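Student: Chains as they are written, first to last, in the numbering used here: chain A, 41 to 239; chain B, 50 to 144.
Cβ atoms here follow ideal geometry from the backbone N, Cα and C, with glycine treated the same way.
As the structure is a computational prediction, the values presented were derived from the model and not from experiment.
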Amino acid sequence: MSQEMTAGLRAPEPIGESVPGNRGIWVGIFCVLVEFLLLFCVYFIAKAHHPAAFERGPDQLATVAGVTITLLLLTSGYCMVKAVAAIRRDARRTTLRWVLAALLLGLGYPCVKFFEIRWNVAHGIDGAAGIFYTVYYYLTLNHLVHVSWGLLGLAWVATRTALGVYSSRDYSGLEAAAMYWHGTDVLWLILFPFFYVLR
Amino acid sequence: MNRLGHAEKIWLLLLALTLAGAWLAETGHAGWPLTFVVAGLIAIKGRLVIDHYMAITTAHPRIRRILHGFVTLVPLMVIFSHGWGDVLRRITTLH
Chain A
41 MSQEMTAGLR
51 APEPIGESVP
61 GNRGIWVGIF
71 CVLVEFLLLF
81 CVYFIAKAHH
91 PAAFERGPDQ
101 LATVAGVTIT
111 LLLLTSGYCM
121 VKAVAAIRRD
131 ARRTTLRWVL
141 AALLLGLGYP
151 CVKFFEIRWN
161 VAHGIDGAAG
171 IFYTVYYYLT
181 LNHLVHVSWG
191 LLGLAWVATR
201 TALGVYSSRD
211 YSGLEAAAMY
221 WHGTDVLWLI
231 LFPFFYVLR
Chain B
50 MNRLGHAEKI
60 WLLLLALTLA
70 GAWLAETGHA
80 GWPLTFVVAG
90 LIAIKGRLVI
100 DHYMAITTAH
110 PRIRRILHGF
120 VTLVPLMVIF
130 SHGWGDVLRR
140 ITTLH
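#1: Comparing C-alpha positions only, which one of A:163, A:171, A:143, A:73 sits nearest to residue 118 (chain B)?
#2: Cβ closer than 7 Å: which chain A residues qualify as neighbours of residue 90 (chain B)?
#3: Look at the Cβ atom of residue 95 (chain A), then the Cβ atom of residue 65 (chain B), and state whether they are nearer than 8 Å.
#4: Could you tell me which of B:52, B:56, B:58, B:137 sits nearest to residue 89 (chain A), measuring between CA atoms?
#5: Does the contact criterion of 3 or more C-beta pairs under 8 Å hold for the segment 174 to 184 of chain A versus the segment 209 to 220 of chain A?
#6: Rounded to a whole number of angstroms, what is the C-alpha to C-alpha distance between residue 73 (chain B) and residue 205 (chain A)?
#7: Sort A:169, A:192, A:58 by Cα distance to residue 110 (chain B) and report the nearest one.
#8: Kindly confirm or deny that the segment 58 to 72 of chain A and the segment 102 to 116 of chain B touch, where touching means at least three C-beta pairs closer than 8 Å.
#9: Using a Cβ cut-off of 7 Å, pull out every chain B residue sitting near residue 89 (chain A), in sequence order please.
#10: Pick helix, strand or coil for residue 108 (chain B), following the three-state DSSP scheme.
#11: Under 8 Å: do the segment 78 to 87 of chain A and the segment 119 to 139 of chain A share three or more Cβ pairs, one atom per stretch?
#12: Which runs of the alpha helix (DSSP H) spanning at least 4 residues fall entirely within the segment 57 to 93 of chain A, listed in chain order?
#13: Taking Cβ positions, are residue 115 (chain A) and residue 232 (chain A) nearer each other than 8 Å?
#14: Rounding to the nearest angstrom, what Cα-Cα distance links residue 124 (chain A) and residue 86 (chain B) in this structure?
#15: Note down, in chain order, every chain A residue with its Cβ under 8 Å from the Cβ of residue 112 (chain B).
#16: Can you list, in chain order, the residues of its chain with a C-beta nearer than 6 Å to that of residue 108 (chain A)? Leave out the 5 residues immediately preceding and following it.
#17: Does any C-beta atom of chain A lie closer than 8 Å to the C-beta of residue 132 (chain B)?
#18: Taking the alpha carbon of residue 92 (chain B) as the reference point, which residue from B:130, B:126, B:52 has its own alpha carbon closest?
#19: Is there a Cβ from chain B that is less than 8 Å from the Cβ of residue 238 (chain A)?
#20: If I measure Cβ to Cβ from residue 103 (chain B) and keep anything under 8 Å in the same chain, skipping five residues before and after, which residues do I get?
#21: Give me the Cα-Cα distance between residue 70 (chain A) and residue 149 (chain A), rounded to the nearest whole angstrom.
#22: In or out: residue 187 (chain A) buried (at least 16 other Cβ within 10 Å) or exposed?
#23: Using a 10 Å radius around the Cβ and a threshold of 16 neighbouring Cβ atoms, would you call residue 95 (chain B) buried or exposed?
#24: Can you tell me where the alpha helix (DSSP H) with residue 234 (chain A) in it begins and where it stops?
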């Protein structure tokens, strides 16, 4: 394992003892995971009752929008990995640049969603277009709400990074925001195939 | 020549898997092959983000188990819903 890998991606605490970020953020992350697990059950139950609608549904959606959102979130998440690695080296200006890059890329998500929904509505795909689209709007807009909290968190840690609050000895707030942001990544990596790929 | 770091390799792998998913979205047909591939993509991409972006391999075991369990359970749900959709429909029908 390279030194960069250890420095950039692994927490320095002893194995099995660290809580990345802080305990509070993990309560929040696990609550969101439970919430989405229930929403996934809604998806599977609706799919079981209306298999034909779920087989045809993805054909009508703009795959490019879903793919763009995935690429934006994954790249934004990568920026937060680099931000956490940078603050561990006390490279504060570099940290700020990575956090701002993560924030800007993350803001691309609501922008793409806006145009996607506008395109959908222009093609007659609104919440009443069928069970597949009702579930699609319910789950993806719910995810967008959680992404909005994440974006607010990134804006908050960007401000605090600019103010010089974080250092290699105390960066739990920055890491907590990164953990939540990666959590929203994981959820989108599930939602994307549910609505754009799986039939 | 600059060599790619570990974070860059993971990022590029995730992008490549996403583009593979995009290709499937345009060409895939309902059936077991698509179901297994989608379940696999969810499990692999989820583990990549959890293990490498969140660096969860060194975290408290409870955090690690819950996150790993989440990205294992969901692909299993994908497979179950495809193969046993009639069972799921029966147990979720109110009469």
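Tutor: Concretely, from the data shown:
#1: Taking the second sequence and counting its residues from 1, the one referred to as residue 118 (chain B) is at position 69. Ranking A:163, A:171, A:143, A:73 by Cα distance to residue 118 (chain B) puts A:73 first.
#2: Working through the second sequence from its first residue, we reach residue 90 (chain B) at position 41. In chain order: 233.
#3: To locate residue 95 (chain A), count along the first sequence from 1; it is residue 55. To locate residue 65 (chain B), count along the second sequence from 1; it is residue 16. No. Outside cutoff.
#4: Residue mapping note: residue 89 (chain A) aligns to position 49 of the first sequence, counting from 1. Out of B:52, B:56, B:58, B:137, B:137 has the C-alpha closest to the C-alpha of residue 89 (chain A).
#5: no
#6: Residue mapping note: residue 73 (chain B) aligns to position 24 of the second sequence, counting from 1. Residue mapping note: residue 205 (chain A) aligns to position 165 of the first sequence, counting from 1. One C-alpha to the other measures close to 45 Å.
#7: Position 61 of the second sequence, counted from the start, is the residue given in the question as residue 110 (chain B). Cα-wise, what sits closest to residue 110 (chain B) is A:58.
#8: yes
#9: Sequence index remark: in the first sequence, residue 89 (chain A) carries index 49 (1-based). Correct list: 138.
#10: The residue given as residue 108 (chain B) occupies position 59 in the second sequence. Here residue 108 (chain B) sits in strand by DSSP.
#11: no
#12: 63 to 89
#13: Numbered from 1 along the first sequence, position 75 holds the residue referred to as residue 115 (chain A). Numbered from 1 along the first sequence, position 192 holds the residue referred to as residue 232 (chain A). Cβ distance not < 8 Å, so residue 115 (chain A) and residue 232 (chain A) don't count as in contact.
#14: Translated into the one-based positions of the first sequence, residue 124 (chain A) becomes position 84. Translated into the one-based positions of the second sequence, residue 86 (chain B) becomes position 37. Rounded to whole angstroms, residue 124 (chain A) to residue 86 (chain B) spans 33 Å at the Cα level.
#15: Start at 1 with the first residue of the second sequence, and residue 112 (chain B) comes out as number 63. Residues of chain A passing the Cβ test: 59, 60, 66.
#16: Your numbering for residue 108 (chain A) matches position 68 in the first sequence. Taken in chain order, the residues that qualify are 152.
#17: Position 83 of the second sequence, counting from 1, holds the residue named residue 132 (chain B). Closer than 8 Å: no.
#18: Locating residue 92 (chain B) in the second sequence gives position 43, counting from the first residue. If we check each option's Cα against that of residue 92 (chain B), B:126 comes out closest.
#19: In the first sequence, the residue the question calls residue 238 (chain A) occupies position 198. Yes, residue 238 (chain A) counts as interfacial toward chain B.
#20: Taking the second sequence and counting its residues from 1, the one referred to as residue 103 (chain B) is at position 54. Counting only Cβ-Cβ distances below 8 Å, and skipping sequence neighbours, we find 116.
#21: Looking up residue 70 (chain A) in the first sequence gives position 30. Looking up residue 149 (chain A) in the first sequence gives position 109. About 23 Å.
#22: For the purposes of this step, residue 187 (chain A) is taken as the residue at position 147 of the first sequence. Result: buried.
#23: Numbered from its first residue, the second sequence carries residue 95 (chain B) at position 46. Burial call: buried.
#24: Within the first sequence, residue 234 (chain A) is the residue found at index 194, counting from 1. Where residue 234 (chain A) is concerned, there is no enclosing alpha helix (DSSP H), given that its DSSP letter is neither H nor E.
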